[in-house]
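Below is one structure; the comments refer to it alone.
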Amino acid sequence: ISFIGLLGYWCIMSWIPSMLRADRGMTIFASSMWFIIINVGCMIGYLTFGVVADRLGRRPTFTIYWLAAMVFAPLFAFYALSPAVMLPVGFCLGISMGYFSGYPMYGSELWPTWLRATGMGIAYMGIARIGSTFGPMAVGAMADIIGVAKAIGVMASFYILAVILIWAIGYETKGKSLEELDKI
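Take a look at the structure:
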(Lines of atoms letter the chains of each structure in order from A and count residues from 1; the text may use other names and numbers.)
(Lines give C-alpha, C1' and ligand atoms only; values in the text may rest on other atoms or scores of the structure.)
Protein backbone atom coordinates (compact mmCIF):
# COMPACT_ATOMS: atom_id res chain seq x y z
CA ILE A 1 0.00 0.00 0.00
CA SER A 2 2.86 2.39 0.65
CA PHE A 3 4.20 1.61 -2.86
CA ILE A 4 0.86 2.68 -4.36
CA GLY A 5 0.62 5.72 -2.09
CA LEU A 6 4.05 7.00 -3.06
CA LEU A 7 3.42 6.14 -6.69
CA GLY A 8 0.20 8.16 -6.68
CA TYR A 9 1.59 11.12 -4.79
CA TRP A 10 4.73 11.56 -6.87
CA CYS A 11 2.93 10.93 -10.17
CA ILE A 12 0.43 13.63 -9.33
CA MET A 13 2.55 16.19 -7.52
CA SER A 14 5.59 15.94 -9.80
CA TRP A 15 3.59 16.77 -12.88
CA ILE A 16 1.11 19.40 -11.66
CA PRO A 17 3.56 22.31 -12.18
CA SER A 18 4.33 21.18 -15.74
CA MET A 19 0.64 20.74 -16.46
CA LEU A 20 -0.20 24.18 -15.09
CA ARG A 21 2.59 25.71 -17.16
CA ALA A 22 1.97 23.84 -20.42
CA ASP A 23 -1.81 23.38 -20.40
CA ARG A 24 -2.91 26.46 -18.47
CA GLY A 25 -0.18 28.89 -19.54
CA MET A 26 0.80 29.78 -15.97
CA THR A 27 4.21 31.16 -15.16
CA ILE A 28 6.54 28.99 -13.12
CA PHE A 29 5.96 31.25 -10.13
CA ALA A 30 2.16 31.12 -10.49
CA SER A 31 2.20 27.34 -10.76
CA SER A 32 4.36 27.12 -7.63
CA MET A 33 1.76 29.18 -5.76
CA TRP A 34 -0.72 26.35 -6.25
CA PHE A 35 1.66 24.09 -4.42
CA ILE A 36 1.22 26.32 -1.39
CA ILE A 37 -2.54 25.76 -1.54
CA ILE A 38 -2.09 22.02 -2.03
CA ASN A 39 0.51 21.82 0.76
CA VAL A 40 -1.71 23.68 3.22
CA GLY A 41 -4.33 21.05 2.41
CA CYS A 42 -1.69 18.34 2.91
CA MET A 43 -0.89 19.72 6.34
CA ILE A 44 -4.58 19.55 7.31
CA GLY A 45 -4.79 16.03 5.90
CA TYR A 46 -1.71 14.89 7.83
CA LEU A 47 -3.06 16.37 11.05
CA THR A 48 -6.53 14.86 10.65
CA PHE A 49 -5.63 11.37 9.42
CA GLY A 50 -4.73 10.04 12.87
CA VAL A 51 -7.84 11.52 14.48
CA VAL A 52 -10.08 9.99 11.82
CA ALA A 53 -8.21 6.64 11.99
CA ASP A 54 -8.65 6.51 15.76
CA ARG A 55 -12.40 7.03 15.34
CA LEU A 56 -13.17 4.98 12.23
CA GLY A 57 -10.29 2.53 12.03
CA ARG A 58 -7.19 2.38 9.88
CA ARG A 59 -8.61 0.62 6.83
CA PRO A 60 -11.72 2.83 6.48
CA THR A 61 -9.60 5.96 6.89
CA PHE A 62 -7.06 4.93 4.27
CA THR A 63 -9.98 4.07 2.00
CA ILE A 64 -11.56 7.52 2.42
CA TYR A 65 -8.29 9.36 1.78
CA TRP A 66 -7.28 7.20 -1.21
CA LEU A 67 -10.69 7.46 -2.83
CA ALA A 68 -10.61 11.22 -2.30
CA ALA A 69 -7.17 11.37 -3.97
CA MET A 70 -8.47 9.23 -6.81
CA VAL A 71 -11.29 11.76 -7.35
CA PHE A 72 -9.55 15.07 -6.67
CA ALA A 73 -6.40 14.44 -8.75
CA PRO A 74 -8.27 14.11 -12.07
CA LEU A 75 -10.68 16.88 -11.04
CA PHE A 76 -7.71 19.18 -10.55
CA ALA A 77 -6.02 17.98 -13.73
CA PHE A 78 -9.09 18.34 -15.99
CA TYR A 79 -11.46 20.86 -14.48
CA ALA A 80 -9.53 23.29 -12.33
CA LEU A 81 -9.31 25.89 -15.08
CA SER A 82 -9.91 28.99 -12.99
CA PRO A 83 -8.69 30.05 -9.55
CA ALA A 84 -12.28 29.78 -8.27
CA VAL A 85 -12.17 26.03 -9.01
CA MET A 86 -8.44 25.45 -8.50
CA LEU A 87 -8.45 26.76 -4.95
CA PRO A 88 -11.01 24.39 -3.37
CA VAL A 89 -10.11 21.39 -5.54
CA GLY A 90 -6.37 21.86 -4.95
CA PHE A 91 -6.97 22.27 -1.23
CA CYS A 92 -9.08 19.08 -1.13
CA LEU A 93 -6.47 17.25 -3.21
CA GLY A 94 -3.92 18.24 -0.58
CA ILE A 95 -6.13 17.00 2.27
CA SER A 96 -6.52 13.66 0.50
CA MET A 97 -2.75 13.21 0.62
CA GLY A 98 -3.05 12.95 4.41
CA TYR A 99 -2.74 9.19 4.03
CA PHE A 100 1.03 9.67 4.29
CA SER A 101 0.74 10.22 8.02
CA GLY A 102 -1.02 6.87 8.29
CA TYR A 103 1.89 4.79 7.04
CA PRO A 104 4.09 5.07 10.13
CA MET A 105 1.11 4.51 12.41
CA TYR A 106 -0.37 1.55 10.55
CA GLY A 107 2.98 0.10 9.58
CA SER A 108 4.27 0.11 13.12
CA GLU A 109 1.13 -1.73 14.20
CA LEU A 110 1.46 -4.37 11.47
CA TRP A 111 5.06 -5.43 12.06
CA PRO A 112 5.95 -7.50 15.11
CA THR A 113 8.17 -5.70 17.61
CA TRP A 114 11.30 -7.69 16.76
CA LEU A 115 10.96 -6.79 13.05
CA ARG A 116 9.30 -3.35 13.19
CA ALA A 117 12.20 -1.11 12.18
CA THR A 118 13.44 -3.44 9.45
CA GLY A 119 9.95 -4.08 8.10
CA MET A 120 9.06 -0.40 7.95
CA GLY A 121 12.41 0.44 6.39
CA ILE A 122 12.04 -2.17 3.67
CA ALA A 123 8.35 -1.57 3.01
CA TYR A 124 8.26 2.22 3.12
CA MET A 125 11.76 3.37 2.32
CA GLY A 126 12.68 0.48 0.07
CA ILE A 127 9.82 -0.98 -1.91
CA ALA A 128 7.60 2.11 -1.80
CA ARG A 129 10.38 4.34 -3.13
CA ILE A 130 10.39 2.30 -6.32
CA GLY A 131 6.93 3.74 -6.96
CA SER A 132 8.07 7.28 -6.26
CA THR A 133 11.04 6.81 -8.55
CA PHE A 134 9.48 5.20 -11.60
CA GLY A 135 5.92 6.52 -11.35
CA PRO A 136 6.71 10.05 -12.53
CA MET A 137 8.65 8.54 -15.42
CA ALA A 138 5.54 6.55 -16.39
CA VAL A 139 3.47 9.76 -16.36
CA GLY A 140 6.03 11.41 -18.61
CA ALA A 141 5.90 8.53 -21.07
CA MET A 142 2.09 8.52 -21.08
CA ALA A 143 1.91 12.32 -21.25
CA ASP A 144 3.73 12.30 -24.57
CA ILE A 145 0.91 10.16 -25.97
CA ILE A 146 -2.27 11.17 -24.09
CA GLY A 147 -1.35 14.41 -22.30
CA VAL A 148 -0.40 15.18 -18.71
CA ALA A 149 -3.95 15.50 -17.34
CA LYS A 150 -5.01 12.09 -18.67
CA ALA A 151 -1.77 10.52 -17.47
CA ILE A 152 -2.39 11.92 -13.97
CA GLY A 153 -5.92 10.50 -14.12
CA VAL A 154 -4.63 7.08 -15.13
CA MET A 155 -2.09 7.01 -12.31
CA ALA A 156 -4.67 8.23 -9.77
CA SER A 157 -6.79 5.20 -10.65
CA PHE A 158 -4.14 3.01 -8.99
CA TYR A 159 -5.48 4.12 -5.60
CA ILE A 160 -8.33 1.65 -6.09
CA LEU A 161 -5.74 -1.14 -6.00
CA ALA A 162 -4.56 0.13 -2.60
CA VAL A 163 -8.16 0.07 -1.35
CA ILE A 164 -8.60 -3.50 -2.57
CA LEU A 165 -5.31 -4.60 -1.02
CA ILE A 166 -5.91 -3.08 2.40
CA TRP A 167 -9.30 -4.81 2.63
CA ALA A 168 -8.10 -8.10 1.13
CA ILE A 169 -4.85 -8.63 3.02
CA GLY A 170 -4.67 -5.87 5.62
CA TYR A 171 -6.29 -6.12 9.00
CA GLU A 172 -7.75 -3.61 11.37
CA THR A 173 -5.47 -2.54 14.19
CA LYS A 174 -7.69 0.11 15.79
CA GLY A 175 -7.91 -0.29 19.54
CA LYS A 176 -5.38 -3.12 19.74
CA SER A 177 -2.19 -2.89 21.78
CA LEU A 178 1.16 -3.69 20.20
CA GLU A 179 1.32 -6.74 22.43
CA GLU A 180 -2.00 -7.98 21.03
CA LEU A 181 -0.85 -7.27 17.50
CA ASP A 182 2.42 -9.16 18.06
CA LYS A 183 0.32 -12.31 18.51
CA ILE A 184 -1.44 -11.97 15.13
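In this text, residue positions in the sequence shown follow the working numbering: the first is 185, and each later residue adds one.
We put the CB at the ideal spot given by N, CA and C, even for glycine.
Quick caveat, the model's predicted, so the values are computed rather than measured.
Short Cβ contact (7 Å threshold) for Gly189 with Tyr263: Translated into the one-based positions of the sequence shown, residue 189 becomes position 5. Translated into the one-based positions of the sequence shown, residue 263 becomes position 79. The Cβ atoms of Gly189 and Tyr263 lie no closer than 7 Å to each other.
How would you write the range of the alpha helix (DSSP H) that Arg313 sits in, first residue to last? Counting from one through the sequence shown, the residue named residue 313 turns up at place 129. Residues Ala312 to Ile330.
In the region 235-301, which residue ranges form an unbroken alpha helix (DSSP H) of at least 4 residues, counting only runs that do not cross its ends? You should have 242-263, 267-280 and 286-294.
In this structure, does DSSP put Met217 in helix, strand or coil? Locating residue 217 in the sequence shown gives position 33, where the first residue counts as 1. The three-state secondary structure of Met217, taken from DSSP, is helix.
According to DSSP, simplified to helix, strand and coil, what is Ile348? Along the sequence shown, read from residue 1 onward, the residue named residue 348 stands at position 164. Reduced to three states, the DSSP call for Ile348 is helix.
So which of Ile220, Gly319 and Trp250 has the shortest CA-CA distance to Phe275? Along the sequence shown, read from residue 1 onward, the residue named residue 275 stands at position 91. Among Ile220, Gly319 and Trp250, the Cα nearest to that of Phe275 is on Ile220.
Here's the rule: buried if 16 or more other CB atoms are within 10 angstroms of the residue's CB, otherwise exposed. What is Met321? Taking the first residue of the sequence shown as 1, we reach residue 321 at position 137. By the 10 Å Cβ count, Met321 comes out exposed.
Take Gly337 and list the residues in its own chain whose beta-carbon comes closer than 8 Å to its own, dropping the five residues that flank it on each side. As a working note, residue 337 is residue 153 in the sequence shown. Hits under 8 Å: Ala257, Pro258, Ala261 and Phe262.
With Gly303 and Trp295 assumed to form a contact (beta carbons below 8 Å), what rounded beta-carbon distance in angstroms separates them? For the purposes of this step, residue 303 is taken as the residue at position 119 of the sequence shown. For the purposes of this step, residue 295 is taken as the residue at position 111 of the sequence shown. About 4 Å separates the two Cβ atoms, so the contact holds.
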